[in-house]
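Numbering (the working numbering), first residue to last: 18 to 82.
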């Protein structure tokens, strides 16, 4: 799913002069995808927020047991 989104939302929309530009843009997209982009399958939440919430829930479960 990630690579399909990256291609459609970013890579196919740009003309890169070299591999370095492509690599930098993919790195930027990875950060955007994980930290800023809302995901429908995550109830329109950002992946990093969901991940952080799950860590907190697991810590609370450990403390409660």
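Cβ coordinates follow ideal geometry from the N, Cα and C atoms, glycine included.
- Per DSSP, residue 40 is one residue of the alpha helix (DSSP H) stretching across 36-52.
- Taken through DSSP and simplified to helix, strand or coil, residue 62 comes out as strand.
- DSSP places residue 22 in the uninterrupted alpha helix (DSSP H) bounded by 19-26.
- For the pair residue 61 and residue 55, the CB atoms are nearer than the 8 Å cut-off.
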